[in-house]
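K.L.:
Number of protein chains: 2
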Amino acid sequence: MTTISREIRLASRPTGMPKPENFELAEVTLPAPGQGEVLVQNTWMSVDPYMRSRMIDRKSYVPPFQIGQPLDGHAVGKVIASNHDKFAEGDLVLSMMGWREAFISDGKGLQKLDTFGLPPQTFLGAAGMPGLTAWGGLLHIGQPKEGETVFVSGAAGAVGSMVCQIAKIKGCRVVGSAGSDEKCAWLKSIGVDEVINYKDHPDQRALIKAFRAAAPEGIDVYFENVGGDHLVAALEAMNTNGRIVVCGMISVYNDTEPKPGPSNLAYIISKSLRIEGFVVTAFMSKTADFIKDLSGWFLEGKIQTQETVEHGIENAPTAFLKLFSGGNQGKMLVKLDD
Amino acid sequence: MTTISREIRLASRPTGMPKPENFELAEVTLPAPGQGEVLVQNTWMSVDPYMRSRMIDRKSYVPPFQIGQPLDGHAVGKVIASNHDKFAEGDLVLSMMGWREAFISDGKGLQKLDTFGLPPQTFLGAAGMPGLTAWGGLLHIGQPKEGETVFVSGAAGAVGSMVCQIAKIKGCRVVGSAGSDEKCAWLKSIGVDEVINYKDHPDQRALIKAFRAAAPEGIDVYFENVGGDHLVAALEAMNTNGRIVVCGMISVYNDTEPKPGPSNLAYIISKSLRIEGFVVTAFMSKTADFIKDLSGWFLEGKIQTQETVEHGIENAPTAFLKLFSGGNQGKMLVKLDD
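Those sequence lines, one after another, are chains A and B.
In this text, residue positions in the first sequence follow the numbering used here: the first is 63, and each later residue adds one.
In this text, residue positions in the second sequence follow the numbering used here: the first is 63, and each later residue adds one.
Okay, structure coming up:
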């Protein structure tokens, strides 16, 4: 038995905003799984902003993607044939083997998935890496106290929407920014106290005014997914002893020339600010605590999730590109087994 | 009995680099001290970079200086007449009543000074606010570990030179930047492992190269007194999980137009950096610990201090202006009772 699997490879390294031609669809023929191996059919795969940085050929916290090779990333799949002690046909599994329809594995990096009754794709979003990112970044770095104001940029994304909801659970006033009225309306519907459609405030001065109007009491914790003018505006609106959690800066990932940074960094001193970046791997050792918190919140109905879904491996590049044009609300996913 | 005291007042708010005409020398006549009062003659006064920000009329962590009013700041003085229970003639005292030759006090904000055999002016530098700034910022925020590399900008200043020496005591490799060969030679003489005369590297690219050459193993703790291109170069050279302690940004204090900030802030994420600003008041409650550490180090001969001294109240503005032109090595002081 052999299996034909389609996969997405990096055709060329993008300059600036990635384009469809940076990706290619290819077919590989997989053999039957050997002794100690399993054949997995992916059912869902994740596209995430951090993948953009892996398309650049440089040393970073994750190695770069290689041209002509399939991309990778988180995926949920089903074991369809097994010669491995620990996996049985029908098992759901989590892996980093996204961007392909199927793969053979010797079990390394493969994790059996107990969904606790949640839809399996939740483990690519709220209950997966984006959820852990939100939970760890907000609670362990931002350390919000009850009654404080938390401002979340990119609030309607997979990470941002989780940060908003966790901050509400912790008794904070929450302000979010997003790029459409529809996203803002959704954020209101999940309990965000105040929202800014940043596209209504196209220059830096207007954005600063909007931040101040939305958080007249000042910002205690700013959760940064966007960068650029958002960071300038946040620095203006921060309170003394404020914390800026730097999770992402999606507005600069596609810059071909580095853009100048905020001219108001001296606030770091006069407001005694802490600005701290992180990578989700820092919280891997706390996964059990995260899952405990999250499962409780899900049971109590305190977490709402939303997904934007593309269908078919051939549309994975489209899904990825939508991350940069604001085409996703909540978690961006690709469904692979329709 | 009355006393004639000369004092320096703010004549006008400086725009850009302060000029002598922003200051005026005035005379006041002090009455004899009343019941519960003392008359203090200042012997030493301090000028510090943070005073520049108090010349701007804005809300900040310390209220702005007022035009036509005497400036203030740390000073050491001697009680020359006392009607106060707690102070006797001849007592040495610390106060915030600098920029004047003498003053009347009801004792509030006046602190009797036990010099432990040190020269009294040490309590305006290594054993005073600049020393506490260095100690608190480096140890409590930077948290250097033995064997790590600590980079100190403005290393030959009152704060910077203390940071260098405390980092050496803690077993770190220490790199310092300063603005003259003479300062660099002094830094070497007090044990700094590597020095950069930043004036030899006038553009950003050259400064980045110089940072990398001086710390080829990468920087773990960057103690920031300077800002501007120094911060850009530090971000390039930081190691993963590095800490940037933001104490000052003297290079931007006199900007009339805000300068763009670093274009490489995305390193905050990819290197998981922590950037933290502070004001020395944050460490006031730890003063006893600081004094304990410091007195031990002085006894063991581990702390060298250097002073640059101007003489006479009329030269206090000159002393202050020298802070911004690199005219001081170690602590900048004004001797008042010659």
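No residue lacks a Cβ here, since even glycine has one placed at the ideal position from N, Cα and C.
Under the rule that 16 or more other beta-carbon atoms within 10 Å means buried, what is LEU200 (chain B), buried or exposed?
P.N.:
It is buried - the Cβ of LEU200 (chain B) has at least 16 other Cβ atoms within 10 Å.
K.L.:
Who are the Cβ neighbours of ASN84 (chain A) in its own chain at under 8 Å, not counting the five residues just before and after it?
P.N.:
Contacts found: LEU72, ALA73, SER74, ARG75, PRO76, MET117, PRO379.
K.L.:
By the three-class DSSP mapping on this structure, what secondary structure does SER242 (chain B) have?
P.N.:
In this structure, SER242 (chain B) counts as coil in the three-state DSSP scheme.
K.L.:
Let me confirm a value: LEU361 (chain A) is counted as buried when at least 16 other C-beta atoms fall within 10 Å, else exposed. Which label applies?
P.N.:
The residue in question, LEU361 (chain A), is exposed, as its Cβ has fewer than 16 Cβ neighbours within 10 Å.
K.L.:
Strictly under 9 Å for the Cβ-Cβ distance: is LEU293 (chain A) near chain B by that measure?
P.N.:
Closer than 9 Å: yes.
K.L.:
Measure the alpha-carbon distance for ARG274 (chain A) versus GLY280 (chain A) and round it to whole angstroms.
P.N.:
Cα to Cα, the separation comes out at about 7 Å.
K.L.:
Any idea what DSSP makes of SER157 (chain A), helix, strand or coil?
P.N.:
Reduced to three states, the DSSP call for SER157 (chain A) is strand.
K.L.:
According to DSSP, is PHE300 (chain B) part of a helix, a strand, or is it coil?
P.N.:
Note on residue identity: the sequence assigns Met, not Phe, to residue 300 (chain B). Here MET300 (chain B) sits in strand by DSSP.
K.L.:
Just to confirm the assignment, what range does the beta strand (DSSP E) spanning LEU72 (chain B) have?
P.N.:
Run containing LEU72 (chain B): 65-72, per the beta strand (DSSP E) assignment.
K.L.:
What residues of chain B sit near PRO322 (chain A), judged by a beta carbon separation below 9 Å?
P.N.:
Those are LYS321, PRO322, GLY323, PRO324, SER325, listed as they occur along chain B.
K.L.:
How do the stretch 127-137 of chain A and the stretch 91-99 of chain A stand: do at least 3 beta-carbon pairs fall below 8 Å, yes or no?
P.N.:
Not touching, per the Cβ criterion.
K.L.:
Let me see if you follow: with CB-CB separation under 9 Å, is THR318 (chain A) close to chain B or not?
P.N.:
Answer no: the Cβ-Cβ gap between THR318 (chain A) and chain B never drops below 9 Å.
K.L.:
Per the DSSP calculation, ASN104 (chain B) is bridged to which residue(s)?
P.N.:
ASN104 (chain B) is bridged to B:GLY139.
K.L.:
Starting from GLY169 (chain A), trace the alpha helix (DSSP H) in both directions and tell me its first and last residue.
P.N.:
That residue, GLY169 (chain A), is in no alpha helix (DSSP H); it is neither H nor E in DSSP.
K.L.:
Between B:PRO111, B:ALA220, B:LYS81, which has its C-alpha nearest GLN391 (chain B)'s C-alpha?
P.N.:
Of the candidates B:PRO111, B:ALA220, B:LYS81, the one whose C-alpha sits nearest the C-alpha of GLN391 (chain B) is B:ALA220.
K.L.:
Along the alpha helix (DSSP H) that carries ALA88 (chain B), what are the first and last residues, could you check?
P.N.:
Element bounds for ALA88 (chain B): not the alpha helix (DSSP H) but the beta strand (DSSP E), 85-92.
K.L.:
Taking any Cβ of chain B, which residues in the stretch 250-284 of chain A have a Cβ under 8 Å from it, in chain order?
P.N.:
Within the stretch 250-284 of chain A, no residue has a Cβ that lies closer than 8 Å to any Cβ of chain B.
K.L.:
For the alpha helix (DSSP H) holding MET191 (chain A), just list the boundary residues, first then last.
P.N.:
Per DSSP, MET191 (chain A) belongs to the alpha helix (DSSP H) from 191-197.
K.L.:
Using only the alpha-carbon positions, how far apart do TRP197 (chain B) and PHE345 (chain B) sit?
P.N.:
Using only the alpha carbons, I get a separation of about 9 Å.
K.L.:
Using a 10 Å radius around the Cβ and a threshold of 16 neighbouring Cβ atoms, would you call PRO322 (chain B) buried or exposed?
P.N.:
Per the 10 Å Cβ criterion, exposed.
K.L.:
State the Cα-Cα distance for the pair LEU293 (chain A) and VAL314 (chain B), rounded to the nearest angstrom.
P.N.:
When rounded, the distance between both Cα atoms is 19 Å.
K.L.:
Below 8 Å, how does it come out for the stretch 158-174 of chain A and the stretch 188-196 of chain A: are there three or more Cβ pairs, yes or no?
P.N.:
No: the two stretches stay apart, fewer than three of their Cβ pairs being nearer than 8 Å.
K.L.:
What are the start and end residues of the beta strand (DSSP E) that includes PHE213 (chain B)?
P.N.:
Run containing PHE213 (chain B): 211-214, per the beta strand (DSSP E) assignment.
K.L.:
Whose C-alpha, out of B:ILE353, B:SER251, B:SER239, is nearest the C-alpha of ALA277 (chain B)?
P.N.:
For ALA277 (chain B), the nearest C-alpha among the options comes from B:SER239.
K.L.:
Thinking PHE285 (chain A) and SER215 (chain A) are a contact (beta carbons under 8 Å), I'd like their distance in whole angstroms, please.
P.N.:
Indeed they touch by this definition, with Cβ atoms about 7 Å apart.
K.L.:
Who are the neighbours of VAL225 (chain B) on chain A, taking C-beta pairs under 7 Å?
P.N.:
Near VAL225 (chain B) there are no residues of chain A at all, since even the closest Cβ is about 15 Å away, more than 7 Å.
K.L.:
Out of curiosity, what's the CA-to-CA distance linking GLY187 (chain B) and PRO206 (chain B)?
P.N.:
Taking the straight line joining both Cα atoms gives about 22 Å.
K.L.:
In whole angstroms, what separates the C-alpha of SER242 (chain B) from that of LEU385 (chain B)?
P.N.:
The straight-line gap from Cα to Cα measures roughly 14 Å.
K.L.:
Taking 8 Å as the threshold, find out whether the stretch 63-72 of chain A comes into contact with the stretch 146-158 of chain A through three or more Cβ pairs.
P.N.:
With a cut-off of 8 Å, the stretch 146-158 of chain A and the stretch 63-72 of chain A do not count as touching, because too few Cβ pairs lie within range.
K.L.:
How would you list, in chain order, the residues of chain A whose beta-carbon sits under 9 Å from the beta-carbon of ARG116 (chain B)?
P.N.:
In chain order: nothing, as chain A lies at least about 11 Å away.
K.L.:
Going by other Cβ atoms of all chains shown within 10 Å of its Cβ, with 16 needed for buried, is GLY363 (chain A) buried or exposed?
P.N.:
Exposed, because fewer than 16 other Cβ atoms sit within 10 Å of the Cβ of GLY363 (chain A).
K.L.:
Taking the DSSP output, what are the residues bridged to HIS373 (chain B)?
P.N.:
Note: HIS373 (chain B) sits in a beta bridge opposite B:LYS397.
K.L.:
Where in the stretch 228-289 of chain A do unbroken runs of the beta strand (DSSP E), each at least 3 residues long, occur, reported from the N-terminal end onward?
P.N.:
List check, beta strand (DSSP E) in window: 235-240, 256-259, 281-286.
K.L.:
Got a sec? Which residues, its chain only, sit under 6 Å from VAL401 (chain B) by beta carbon, not counting five neighbours each side?
P.N.:
The question about residue 401 (chain B) has no answer here: the residues shown for chain B are numbered 63 through 400.
K.L.:
For ASN301 (chain A), which residues from the same chain have a beta carbon less than 6 Å from its beta carbon, with the 5 sequence-adjacent residues on both sides left out?
P.N.:
Same-chain partners within the cutoff: GLY280, ASP282.
K.L.:
Between ILE331 (chain A) and GLY179 (chain B), which are expected to be in contact by the criterion C-beta below 8 Å, what is the C-beta distance as a whole number of angstroms?
P.N.:
The pair is not a contact, with the Cβ atoms about 34 Å apart (cut-off 8 Å).
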